[in-house]
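Visitor: Numbering (our numbering), first residue to last: 701 to 964. Dropping a structure here in structure tokens format, bear with me for questions.
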Ligand code: ADP
Ligand code: MG
């Protein structure tokens, strides 16, 4: 991909699927790292109280400003919450378990769905891409992420019941488009945990393509133990095993999204 001659404002993309364990966090980390390799300035936002993105990128999560502070305190400093990572060009805003209390606190807020959008607006000029790693639910936090975003990326594992729930997710995106964020687009569905050796995986991928056509990205992420290994090492796979085909797959995803115009 061409090098950028100027940076920002950011294209904001939510990684979303209300099912857990489908590759949202893994994709946030490794797509972020791959885009950074291509010279993009990337901010990854941990929007899951489990804090897996923060752990996976080696961020501090205690005695620091987190996304929770930014949501609940209008005067909190966004710059103070941003941490650099071991990857040049990739920054993170961390989260910890405090964030699980945010839903309750936000219920009584004015314009509660727009709070994250307001936070990210303050730093949008400093980045080319902002990736929001959503929690596995369709609650207020995820609606905040969708309201703040230009695009949504849906990781979908190649398992039989994977398609269940996607209709509800797309319906939620449609509602957010009608009521809160007319500009939001589906940037793509990303097949993950693909095992080409099993008929099962191939059949599921076929069904996904039947159901969603060209909304399914060409890049497919294979199942490999390198991902859990890399997350234990708190390092993106692009650095943990730079030559592995799994690292190359995330570089391909970065290129595909750039060529589709989904990101700069
Ligand atoms: P989510 O954020 O959707 O809950 P994760 O990205 O945390 O999902 O992935 C769940 C688990 O599966 C993690 O332990 C992760 O390391 C592992 N994992 C993710 N992608 C793959 C893959 N392509 N192959 C094998 N394991 C994977
Ligand atoms: Mg996750």
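Ideal Cβ positions, reconstructed from N, Cα and C, are used throughout, including at glycine. Just so we're clear, the structure is a prediction, and the values are computed from it rather than from any experiment.
In the DSSP assignment, find the unbroken alpha helix (DSSP H) run with residue 769 in it and report its ends.
Guide: Residue 769 sits at position 69 when you count from the first residue of the chain shown. Per DSSP, residue 769 belongs to the alpha helix (DSSP H) from 767–772.
Visitor: Quick one, which of 846, 807 and 834 has its alpha-carbon nearest residue 818's?
Guide: Taking the chain shown and counting its residues from 1, the one referred to as residue 818 is at position 118. It is 846.
Visitor: Within its chain, find whatever has a CB closer than 6 Å to the CB of residue 920; leave out the 5 residues flanking it on each side and keep chain order.
Guide: On the chain shown, residue 920 is found 220 positions in, with the first residue counted as 1. Correct list, in chain order: 891 and 894.
Visitor: Could you have a look at residue 724 and say whether DSSP puts it in helix, strand or coil?
Guide: Within the chain shown, residue 724 is the residue found at index 24, counting from 1. Reduced to three states, the DSSP call for residue 724 is helix.
Visitor: Nearest by alpha-carbon distance to residue 716: which of 803, 871 and 794 is it?
Guide: As a position in the chain shown, residue 716 is number 16, starting the count at 1. Of the candidates 803, 871 and 794, the one whose C-alpha sits nearest the C-alpha of residue 716 is 871.
Visitor: Taking DSSP as the reference, what is the three-state secondary structure of residue 732?
Guide: Position 32 of the chain shown holds residue 732. Helix, per DSSP.
Visitor: Is residue 903 closer than 8 Å to residue 723 when the C-beta atoms are compared?
Guide: Here residue 723 refers to the residue found at position 23 when the chain shown is read from its first residue. Here residue 903 refers to the residue found at position 203 when the chain shown is read from its first residue. No, the pair does not count as a contact, with Cβ atoms beyond the cut-off.
Visitor: Could you check which residue in 952, 932 and 911 has the C-alpha nearest to that of residue 922?
Guide: Here residue 922 is taken as the residue at index 222 of the chain shown, counted from 1. Minimum Cα distance to residue 922 is reached at 952.
Visitor: Give the DSSP bridge partners of residue 885, in chain order.
Guide: Reading the chain shown from its first residue, position 185 is the one you call residue 885. Its beta-bridge partners are 851.
Visitor: For the beta strand (DSSP E) that contains residue 935, what are its first and last residues?
Guide: Sequence index remark: in the chain shown, residue 935 carries index 235 (1-based). Segment: none, residue 935 is in no beta strand (DSSP E) and carries neither H nor E.
Visitor: Restricting to runs no shorter than 4 residues, where is the alpha helix (DSSP H) found entirely within the stretch 730–814?
Guide: Qualifying alpha helix (DSSP H) stretches, in chain order: 752–756, 767–772, 778–781 and 802–806.
Visitor: Determine whether the beta carbon atoms of residue 743 and residue 782 lie at a separation below 8 Å.
Guide: On the chain shown, position 43 is the one that residue 743 refers to. On the chain shown, position 82 is the one that residue 782 refers to. Contact: yes.
Visitor: What span of residues does the beta strand (DSSP E) with residue 833 cover, start to end?
Guide: Translated into the one-based positions of the chain shown, residue 833 becomes position 133. Note, residue 833: beta strand (DSSP E), 829–834.
Visitor: What is the DSSP secondary structure of residue 917, counted as helix, strand or coil?
Guide: As a working mapping, residue 917 is identified with position 217 in the chain shown. Residue 917 falls in the strand class under three-state DSSP.
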